[in-house]
Each structure stands twice: as C-alpha cells, then as structure tokens.
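Asks: No gaps in the numbering here: position 60 of the sequence shown is 60 in UniProt numbering, and each next residue is one more. Even glycine gets a Cβ: it sits at the ideal position worked out from N, Cα and C. For clarity, every value in this text was computed on a predicted model and none was experimentally measured.
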Amino acid sequence: MENIIGQIRDILRKEGITGMASINHCIVFLVSRLLNEELCKKVGIASKYSFNNMMLDTDGNEIGSQDLYDKFYRKSDPCFIREVINKLKFTNIKFKMEGIHNLKLIMKKLEKLDTDNLSIKYDLIGTIYEIHLKSGTSNAMRDLGQYYTHRLVIKYMIELCDVKMTNGIIEKIVDPTMGTGGFLTMVIKDLQSKYNNIDWTKNKDNIIGFDIDDNVKNMALLNIFLEIGEVCNNTVVKQDTLKNDLRLDNGILEKAKVILANEPMGIKNITHASCCDRIKDLKIRGTKAEPLFLQLFMEALDDDGRCAVIVPDGVLFTESNLHKNTRKHMIENFNLKKVISLNDDNFFLNTGVSTSILFFAKDGTKTKKIEFCEITLNDEKEIEEKLIINVEYDKIKDNNYSLFVNMYNVEELDKIEGLEYKKISDITNFLKKSKRKASYGQDEGMFPFYTSSSKIKRCNTADYKEECIIIGDGGCANIYIDSNFSCSDHNHIIQTKQNNVNNRFLKYYLEINIKLLELGFKGATIKNLSKSYIQNLEIPIPSLKIQNKIIEQLDVLSENNNTLEKNIDEFKEILKYYVESYTMNCEKEKLSNLCNLKAGKFNSRDCRSKGKYPFYNGKATNPSGFNDKFCFDYNNYLILIKDGGAGYKKYGDQIGLGKVFKVNGKSSATSHQLALVLKKDTVLNEYLYYYLSANKNKIMDLALYTTGLGTIRKSKLENFNIHIPTKEKQEHIVIYCDNITSMIENMEQQIIKNKELMKNILDNHLNSQSEISENNQLLSEDDDSNSEDDEIIDSEDDEIIDSEDNDSNSEDDDEIIDSEDNDSNSEDDDEIINNKLLVNNI
Numbered sequence: 001m002e003n004i005i006g007q008i009r010d011i012l013r014k015e016g017i018t019g020m021a022s023i024n025h026c027i028v029f030l031v032s033r034l035l036n037e038e039l040c041k042k043v044g045i046a047s048k049y050s051f052n053n054m055m056l057d058t059d060g061n062e063i064g065s066q067d068l069y070d071k072f073y074r075k076s077d078p079c080f081i082r083e084v085i086n087k088l089k090f091t092n093i094k095f096k097m098e099g100i101h102n103l104k105l106i107m108k109k110l111e112k113l114d115t116d117n118l119s120i121k122y123d124l125i126g127t128i129y130e131i132h133l134k135s136g137t138s139n140a141m142r143d144l145g146q147y148y149t150h151r152l153v154i155k156y157m158i159e160l161c162d163v164k165m166t167n168g169i170i171e172k173i174v175d176p177t178m179g180t181g182g183f184l185t186m187v188i189k190d191l192q193s194k195y196n197n198i199d200w201t202k203n204k205d206n207i208i209g210f211d212i213d214d215n216v217k218n219m220a221l222l223n224i225f226l227e228i229g230e231v232c233n234n235t236v237v238k239q240d241t242l243k244n245d246l247r248l249d250n251g252i253l254e255k256a257k258v259i260l261a262n263e264p265m266g267i268k269n270i271t272h273a274s275c276c277d278r279i280k281d282l283k284i285r286g287t288k289a290e291p292l293f294l295q296l297f298m299e300a301l302d303d304d305g306r307c308a309v310i311v312p313d314g315v316l317f318t319e320s321n322l323h324k325n326t327r328k329h330m331i332e333n334f335n336l337k338k339v340i341s342l343n344d345d346n347f348f349l350n351t352g353v354s355t356s357i358l359f360f361a362k363d364g365t366k367t368k369k370i371e372f373c374e375i376t377l378n379d380e381k382e383i384e385e386k387l388i389i390n391v392e393y394d395k396i397k398d399n400n401y402s403l404f405v406n407m408y409n410v411e412e413l414d415k416i417e418g419l420e421y422k423k424i425s426d427i428t429n430f431l432k433k434s435k436r437k438a439s440y441g442q443d444e445g446m447f448p449f450y451t452s453s454s455k456i457k458r459c460n461t462a463d464y465k466e467e468c469i470i471i472g473d474g475g476c477a478n479i480y481i482d483s484n485f486s487c488s489d490h491n492h493i494i495q496t497k498q499n500n501v502n503n504r505f506l507k508y509y510l511e512i513n514i515k516l517l518e519l520g521f522k523g524a525t526i527k528n529l530s531k532s533y534i535q536n537l538e539i540p541i542p543s544l545k546i547q548n549k550i551i552e553q554l555d556v557l558s559e560n561n562n563t564l565e566k567n568i569d570e571f572k573e574i575l576k577y578y579v580e581s582y583t584m585n586c587e588k589e590k591l592s593n594l595c596n597l598k599a600g601k602f603n604s605r606d607c608r609s610k611g612k613y614p615f616y617n618g619k620a621t622n623p624s625g626f627n628d629k630f631c632f633d634y635n636n637y638l639i640l641i642k643d644g645g646a647g648y649k650k651y652g653d654q655i656g657l658g659k660v661f662k663v664n665g666k667s668s669a670t671s672h673q674l675a676l677v678l679k680k681d682t683v684l685n686e687y688l689y690y691y692l693s694a695n696k697n698k699i700m701d702l703a704l705y706t707t708g709l710g711t712i713r714k715s716k717l718e719n720f721n722i723h724i725p726t727k728e729k730q731e732h733i734v735i736y737c738d739n740i741t742s743m744i745e746n747m748e749q750q751i752i753k754n755k756e757l758m759k760n761i762l763d764n765h766l767n768s769q770s771e772i773s774e775n776n777q778l779l780s781e782d783d784d785s786n787s788e789d790d791e792i793i794d795s796e797d798d799e800i801i802d803s804e805d806n807d808s809n810s811e812d813d814d815e816i817i818d819s820e821d822n823d824s825n826s827e828d829d830d831e832i833i834n835n836k837l838l839v840n841n842i
C-alpha cells in the first residue's frame, strides 16, 4: 500500500496537488477501490460506480481515459465524486485533477492493491495519513499530525481497556477528540477479531466520536463506514466537547463504558466560564485545555468504565492548582492503574511534545498503587512494555500528587558508609533568580553572562558579585562557578551557607555526578529543572581538609580541560584558515560538476540499535545507528546534512546542518541527507571533505528557515562553488588536515580521560574520609575498652592492698611494707608497671 500510495502522490504532485489536498484525493481513490456492489447497494450508490464496474461500460468493455474521467468527475452532471459527497457525506474533496490519462493510470495502480488483507489489520485512512507524515515537510507534518495517533499505540490502549460485547450489544465507546477516527476504527477491528457476526445496525450507535473540525469529522465518518458498512452520522459529529460537552443531536451523552482519546494540545483562549457544566461543577478552575479535558473524561466515565488517554507530560507534574487538583481528583476518586511513557520518537511524527498514557478505571476503589512503565517500538516494529517502578498511594500523596516518575525512581548514588549526607537545602542558600532574558548576553563585554546553554556570553553588568554556583534549569544539565557575573532567568544561583562546605567542592561533586541533575529535568517540550528537585538532592560532606584536597587536584584537571577545549577550538580555526589560504586563488567549479547528489530515502524513525548498515540522520554525530536496508552503495563518498539547524546565522559543531561525513560502502540515510559521489578523478574525496567542512557556515547560510529549522534546496548545493587546486596541492592539504584532525582527536580523548580521573579522585578521597571515620570509631571503642580495663586492674590492686593491710598488725609487717616501698625501683616493680601499661594499651 505504501508503495502504491507513494506512486499516486507522485502523480498528484505533478498536478500541483500536495498536503491535505493530496490526502483527500488519496482517500477518495481508496474509497473507490473498496466499494463493491454490495456496499454500493447498502448506501444507495449506483452499482456502475463500484470498482469492478468503474472502468467498464454497460457491455463490460473497458472505457477510454476521457469516458473514465467523466464517469469519475464532472462539475455538474452525476458522477462518482458527487455520490461520495452526497451519500457518504465526504464533503472535503475538491477534485483538482485535470489529466485524464493520470486518472486512468491511478485506477490501474489501485487494481494491484489487496484491500481485503489490508483492511483486516490496518486503519486505511490512518495509513494514508501516516504515509504523508513520513515524507512531508516539517510544517506539513505539524499541520497534519495533530489528527494522527500511531496505530500500534492505539492498539495497545484498546488492549488495556479490553472492550466487551454482552448479549450481542457492545459497550458504549467514546472518543471525545477523535481526529480521523483512529481509535474508533481500531476498536471496531478489535471487536470483530474477538466476536463473530456483530450486527452493526444495532451497535453503530455505541460508536461515538466528536471533533471540532468538520473536515476531520467527515474523514472519521468515512473511516468508520469502511469498517462496518454503516454511516454513523448520528453519533460521529462535529462538536466542541470542552465547551458543549458530549452533545449529540438527541442530547448530552451522560456516561460511557470506554473512553479512548489523544488530548488536543496547546489550545488557546480558553476560559473556565466557557467550559461545559460538567467541568465547571468540579470547581477546579483554570484555563489550560489538557487538564480540563481530563476532567470531562473522568466525569463522563460510567461505573465499571475504563479510560486510556494520551496527555502531554506537563499534565503529570505541573504544579499549578488546576493540574495538581485534577490529578488529586483522579487519584482520590478513580483507580489510576498505569502511567505509561511513550518513550519513542517513532510514535509521534509531528508534535515535539513528550507524552504519556493515563489508564484509569471507575471500579469502586480509589488508587492504591500506580504502575509506572514505558513502551517503545522494537526492531520488529512491535510494542514493548517495560516496568519502571510501582509507587504506593501514600508516596504519591506526600508529593502533591505528582506523577513525575523520576521523583520516585531516583537513581541514588551508593552512599559511602561513615560519611554524613545532607540535603542541598540544608547546606545552601538559593539566591534570587535573575530577571534578565538570554538575549541580554552579547558576544563582547566585561563580565560573563550565563544562559541555560553551554555557550557563555558576555555583558557589561555584574548582578552577582560573590562566588556562586550557577545551575542551568532549561534544556539540558550544566553547572558553573563564578563571581562577578550575570545570568539569564533560566538559572538557579546557590551559595553554601555552612562553614564546613566549600562552594567549589559542591560544584565539582554535582558536575562529576551530573546525572543527578539530568534526572530532574521534566517538561512536555523544553524540559526544566525545578528548585525543589535540587533542594532534595543529598550530598556527602567530608572534612574541610578532604574537600580542599579534592578541590586542589580537580582544579588542575579542570584547568587542563579548559586549555584543551580552547586548543581544540583554535586548531579547528587553523584548519579552516589553512584550507582557505591554500585554495582562495584556485579555479572554481560547481559542486554538481564534480559530484552526483543523491538523496536518502529513509525516515529518522528507521534508525535501529543494530543492523547491517550504518544509519545517518540529522544529528551532528553520525552514524546514529543501523538498518538492515541501504540506499547508498559507493566506494568512497560523502554524506551531507541538508536539513536542520537552530536558526539563521546560528553556527556550531553541535549543529548537524551542513556537516559532512566520510563514508565507504553501503549505508542508510534519511531524506534529509545527500550522498556526494565524485564523478571526476581530478578531485580527491578527502580534499572535498576538508573543503566542505571548512566552509560549513557558508553551506548553512544556503538554508531557508521556518520556525528555527533550515532546509537547503538541492539546487542551491549544486550551484555551490568549490575551489579546485592541483591534485598535488590537494594531497598536501589532506596530509596537513589529517595531522591537525589527529591532534584534535587526541585532545578530545585526553579530556575524556581527565574527566574519568576527576571522578576517580573524588571517589577515592570520599572513601578515604570514610576509612578515617571508621578508624576514629574504632579508637573511640578502644578508649571505652581501656577505661574498663583500668577499672578491673584498679579493683584487683585494691583487693591485694586490702588483703595485705588486714595482715599488717605488727610493726615487722609495717617495716616490711616500708622497706618494699623504699625499694620500688627494683626490676620486679618495673615489670609490674610495664605489664600494667601493656594491658592498658591492649
């Protein structure tokens, strides 16, 4: 099907039909292919429009291209398109094809489509959507993808809810935000696989769906018709459910046994007062659509009902009263069984938003334990579920009903025995956050300006004078320490408040154990690190002496890394200068005269963890994975990334756009990469690699940008000029650049080794502090033991003396005692004293 739809799209593209118009045309062609005489009779469509009769006249002879076109579409007379609009209510189609021969070509291709086997497994309209999403532009994907949910995710959610039929009647199933009807279509397939001979004339009114968009509603209506042969225009309707509730023509649907949905995200201009009564009656006020939709789903769920809904991750942990109290209402009044992270980019092709599934039931019990898990798509394109952690109700309640899994699944470092651990909140003060925006930072200035990225800018104002630790709270984890600086509002600024903790020790500990910070980032789009998360981190506190030893040694290694990083940047600049200097006066040729430019054909989600061939995508570091199929097979060639970036005039090695990679043999690449295959032996592949690498910024400037992402047209690259020195000169350039590259790689390896050594130093010193603490404890125990021994010996001595005193009634005895006392320097006395000291020492 993918191959045939792809060919039809190519034909449509030649007639200027793309995007949503292409989808609507493909849907109409698919309906034509699926219409047999039985279905035509059922909905009142003339049998001559069934697919078997479409290309035949009344005598059974094949008709020509013009007659076929007139039969398929005429502006005013009866035709197939008019039947689809009138009888199947698919008013979306505005038929734009003009080529009569193209229509016949499409119909011939449709003959090859095995719709019987396809319709058993697949939601066909959803598949058309997916095919368009996989190869569309970024903007088109965002526009189309809001109506699409991955069909394997839908299947997984349906299995969670386990929809049933009793006495020939199916449970009432609702999707309040149905899009193209994927959930409803797939639940019908599930029911048909479990139960034979379902009477859809009796059951069609239990398939209920709503969408605010009339065109999308029409697609859902058609989608369901293709499954059950019934037009559900009474229960599949256009409706703003957030505002008007689950309102059908005959009134509001009060309850449903099964609710399946993918919540709309980012809806603007909502007021609580405009919501339906069911939402307002809960009195959990707010203006964010996602928790408000969740409230509607909860209130519409019947006794013994089940709900599986996809929500943006912000619903799980946002701390506003609306979000928190919505979660509280669900946990206290329903049985929230699972929170499932959709931890795979393959599931959603458009949104850029992290999402999860909430699965809850109204089974008469409140939540006692929540299972947190994640699902991914394996190499066989099957869903795999992995348990993360089970969390008890009390723990959820104690954390303000947060469903942020990392709050409970904290990967704590093994604590070192004998060391005191304290929370960061106990040993630091959080200073007032800056109000400056990242744009305040400039390329030049007297003082450093820290944003939440790894790039440090400059400014002429120092908002913070004393030494502070700077922790970025947006995007990804980073940490600095400085005095006399300013920063953006996306940083936490802390100082130690206890004399026994050094700022620099704390910074090094967090930097070396950066994963502690990484685990705290949460968010549906740009992830953030909260103050409360940092405050609750526990830190070992060795003696100041040990802290100072750690700082002394790590300062040396840290400074060495800074020097190495500076040298790497300088050598990369030297490499660019060298290439530019030795090529500037050479002849130029267009890239297209030197190379054939071949586009990749895969999608980024085709990247696998294992496979036969390296896989290249838009990342700055490649290959990113593997695939068992390849699209390039040449001896020595380059792969260039033509799409991506972070915005116009934003450069850097961490950005993939414009980057080139040397490749040899078979490889896989997405449609956002081009293979550059030399067709002239006057140019060395290695020289072209270094030349393009040195001119990466100029290549990036060829891109046209929309919403921060750039696209370089193939024609622009074909016309990019390459300076061509003599072959001998090319060889000298390659040798020099190879040497510089080798030096850079060695320095990068040294940085890695330094970081490993830094961790080793930190761990060893902390463990040495633990040993000292253990020894001190042993000594303390020895002192207690010595005290007991002294008491025993003193007691024995007293007994001896008392015994002698009792026998000392005569003067002779006194003389003897006096005599012995006077001679107490004898060897016997020395031996007694030494023995006593020995006992004490033991």
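#1: If you check the beta carbons only, do isoleucine 4 and leucine 113 fall under 8 Å apart?
#2: Note down the Cα distance separating residue 844 from threonine 149, rounded to an integer number of angstroms.
#3: Output yes or no for whether 8 Å exceeds the beta carbon distance between isoleucine 568 and glutamate 748.
#4: Over the uninterrupted alpha helix (DSSP H) stretch that includes valine 153, give me the two end residues.
#5: Could you name the residues of the same chain whose beta carbon sits closer than 8 Å to that of asparagine 233, not counting the 5 residues immediately before and after it, in chain order?
#6: Just tell me which of Met446, Phe430 and Glu374 has its CA closest to the CA of serine 530.
#7: Valine 405 and isoleucine 388: beta carbons closer than 8 Å?
#8: Quick one: complete beta strand (DSSP E) runs, 3+ long, within the stretch 343 to 414?
#9: Cutting at 8 Å between CB atoms, please list the residues of its own chain near methionine 743, excluding the five before and the five after it.
#10: Near asparagine 697, what residues of its chain come up, given a Cβ to Cβ distance below 6 Å and the 5 sequence neighbours on each side ignored?
#11: Valine 315 by DSSP, collapsed to three states: which one?
#12: Pull up the DSSP beta-bridge partners for threonine 711, would you.
#13: Do you know whose CA, among Thr711, Asn636 and Ile699, lies nearest lysine 679's CA?
#14: Excluding the five sequence neighbours on either side, which residues of its own chain have a C-beta within less than 6 Å of the C-beta of glutamate 227, listed in chain order?
#15: List the endpoints of the continuous beta strand (DSSP E) containing arginine 458.
#16: Reducing DSSP to helix, strand and coil, say where glycine 60 ends up.
#17: Count the other C-beta atoms from every protein chain shown that fall within 10 angstroms of the C-beta of proline 78, then say buried if there are 16 or more, exposed otherwise.
#18: Could you please give me the residues that DSSP links to threonine 670 through a beta bridge?
#19: What number of angstroms, rounded off, separates the C-alpha of asparagine 250 from the C-alpha of isoleucine 100?
#20: What is the DSSP secondary structure of cysteine 276, reduced to helix, strand or coil?
#21: Could you give the C-beta distance for alanine 261 and valine 339, rounded to a whole number, given that I count them as a contact under 8 Å?
#22: Of the residues Leu30, Phe51, Val31 and Phe505, which one's Cα is nearest the Cα of glutamate 37?
#23: Are the beta-carbon atoms belonging to leucine 336 and phenylalanine 360 less than 8 Å from one another?
#24: Within the same chain, show all residues whose beta-carbon is closer than 6 Å to that of glutamate 589, passing over the 5 residues directly before and after it, in chain order.
#25: Please report the Cβ distance between isoleucine 494 and isoleucine 471, rounded to the nearest whole angstrom; I am assuming they are in contact, meaning their Cβ atoms lie under 8 Å.
#26: Tyrosine 533 and phenylalanine 485: beta carbons closer than 8 Å?
#27: Does DSSP classify asparagine 548 as helix, strand or coil?
#28: Taking the alpha carbon of lysine 14 as the point to measure from, which residue in Ile23, Met97, Lys435 and Ile712 has its own alpha carbon closest?
#29: Could you tell me the alpha carbon to alpha carbon distance between glutamine 673 and isoleucine 526, rounded to whole angstroms?
#30: Are there 16 or more other CB atoms within 10 angstroms of the CB of lysine 522, so buried, or fewer, so exposed?
#31: Measure the Cβ-Cβ separation of asparagine 627 and glycine 611 and say whether it is below 8 Å.
#32: Does the stretch 325 to 334 touch the stretch 360 to 372, meaning 3 or more C-beta pairs lie closer than 8 Å?
#33: Look at the Cβ atom of isoleucine 45, then the Cβ atom of lysine 94, and state whether they are nearer than 8 Å.
#34: Judging by CA-CA distance, which residue of Val579, Val353 and Lys288 is the nearest neighbour of histidine 323?
#35: Mind checking whether glycine 286 and asparagine 343 have CB atoms under 8 Å apart?
#36: What did DSSP end up calling glutamate 290 once you bin it into helix, strand or coil?
Replies: This is what the structure gives:
#1: Working through the sequence shown from its first residue, we reach residue 4 at position 4. Working through the sequence shown from its first residue, we reach residue 113 at position 113. Going by C-beta atoms, isoleucine 4 is nearer than 8 Å to leucine 113.
#2: Any property of residue 844 remains undetermined from this structure, which presents the chain solely from 1 to 842.
#3: The residue given as residue 568 occupies position 568 in the sequence shown. The residue given as residue 748 occupies position 748 in the sequence shown. With respect to the 8 Å criterion, isoleucine 568 and glutamate 748 are classified as neighbours on the basis of their beta carbons.
#4: Taking the first residue of the sequence shown as position 1, residue 153 is located at position 153. Segment 151 to 161, the alpha helix (DSSP H) holding valine 153.
#5: Position 233 of the sequence shown holds residue 233. Only Lys89 and Leu221 meet the Cβ criterion.
#6: Numbered from 1 along the sequence shown, position 530 holds the residue referred to as residue 530. Per the Cα distances, Phe430.
#7: Sequence index remark: in the sequence shown, residue 405 carries index 405 (1-based). Sequence index remark: in the sequence shown, residue 388 carries index 388 (1-based). Yes, the Cβ-Cβ distance between valine 405 and isoleucine 388 is below 8 Å.
#8: Qualifying beta strand (DSSP E) stretches, in chain order: 355 to 362, 369 to 377 and 383 to 392.
#9: Against the sequence shown, residue 743 aligns to sequence position 743. Sequence-distant Cβ neighbours of methionine 743 in its own chain, meaning closer than 8 Å and more than five residues away, are Phe571.
#10: Numbered from 1 along the sequence shown, position 697 holds the residue referred to as residue 697. Once the five neighbours on either side are set aside, the close Cβ partners of asparagine 697 are Tyr651.
#11: Taking the first residue of the sequence shown as position 1, residue 315 is located at position 315. Reduced to three states, the DSSP call for valine 315 is helix.
#12: Sequence index remark: in the sequence shown, residue 711 carries index 711 (1-based). Partner(s): Asp643 and Leu704.
#13: Taking the first residue of the sequence shown as position 1, residue 679 is located at position 679. Ranking the options by Cα distance to lysine 679, first place goes to Asn636.
#14: Residue numbering aside, residue 227 sits at position 227 when the sequence shown is read from its first letter. The beta carbon of glutamate 227 sits closer than 6 Å to the beta carbons of Thr185 and Ile188 from its chain, once the five residues preceding and following it are set aside; these are given in chain order.
#15: By 1-based counting over the sequence shown, the position of residue 458 is 458. Note, arginine 458: beta strand (DSSP E), 456 to 459.
#16: Translated into the one-based positions of the sequence shown, residue 60 becomes position 60. Correct three-state label for glycine 60: coil.
#17: As a working mapping, residue 78 is identified with position 78 in the sequence shown. So proline 78 counts as exposed.
#18: Residue mapping note: residue 670 aligns to position 670 of the sequence shown, counting from 1. Beta-bridge pairing links threonine 670 to Phe602.
#19: Taking the first residue of the sequence shown as 1, we reach residue 250 at position 250. Taking the first residue of the sequence shown as 1, we reach residue 100 at position 100. Going from the Cα of asparagine 250 to the Cα of isoleucine 100 covers about 45 Å.
#20: As a position in the sequence shown, residue 276 is number 276, starting the count at 1. Cysteine 276: coil per DSSP, three-state reduction.
#21: Within the sequence shown, the letter at position 261 stands for residue 261. Within the sequence shown, the letter at position 339 stands for residue 339. That belief does not hold up - the Cβ atoms of alanine 261 and valine 339 are roughly 16 Å apart, past 8 Å.
#22: Reading the sequence shown from its first residue, position 37 is the one you call residue 37. Considering only alpha carbons, the answer is Phe51.
#23: Translated into the one-based positions of the sequence shown, residue 336 becomes position 336. Translated into the one-based positions of the sequence shown, residue 360 becomes position 360. Yes, these two residues count as a Cβ contact at 8 Å.
#24: Taking the first residue of the sequence shown as position 1, residue 589 is located at position 589. Within the same chain, glutamate 589 has close Cβ partners Ile722 and Ile724.
#25: The residue you call residue 494 lines up with position 494 of the sequence shown. The residue you call residue 471 lines up with position 471 of the sequence shown. Rounded, the Cβ-Cβ distance is 7 Å, consistent with contact.
#26: On the sequence shown, position 533 is the one that residue 533 refers to. On the sequence shown, position 485 is the one that residue 485 refers to. Result no, Cβ atoms of tyrosine 533 and phenylalanine 485 do not sit closer than 8 Å.
#27: As a first step, residue 548 must be located in the sequence shown, where it is residue number 548. Residue state, collapsed to three classes: helix.
#28: Looking up residue 14 in the sequence shown gives position 14. Scanning Ile23, Met97, Lys435 and Ile712 for the CA closest to the CA of lysine 14 turns up Met97.
#29: Locating residue 673 in the sequence shown gives position 673, counting from the first residue. Locating residue 526 in the sequence shown gives position 526, counting from the first residue. Rounded to the nearest angstrom, the two C-alpha atoms are 26 Å apart.
#30: Taking the first residue of the sequence shown as 1, we reach residue 522 at position 522. Answer is buried; the Cβ neighbour count reaches 16.
#31: Reading the sequence shown from its first residue, position 627 is the one you call residue 627. Reading the sequence shown from its first residue, position 611 is the one you call residue 611. Result yes, Cβ atoms of asparagine 627 and glycine 611 sit closer than 8 Å.
#32: yes
#33: By one-based count along the sequence shown, residue 45 stands at place 45. By one-based count along the sequence shown, residue 94 stands at place 94. It is not a contact, given that the beta carbons lie outside the stated cut-off.
#34: As a first step, residue 323 must be located in the sequence shown, where it is residue number 323. Closest option to histidine 323, Cα to Cα, is Lys288.
#35: Taking the first residue of the sequence shown as position 1, residue 286 is located at position 286. Taking the first residue of the sequence shown as position 1, residue 343 is located at position 343. No; because the gap between Cβ atoms is not below 8 Å, this pair is not in contact.
#36: The residue labelled residue 290 in the question sits at position 290 within the sequence shown. If DSSP states are grouped into helix, strand and coil, glutamate 290 belongs with the helices.
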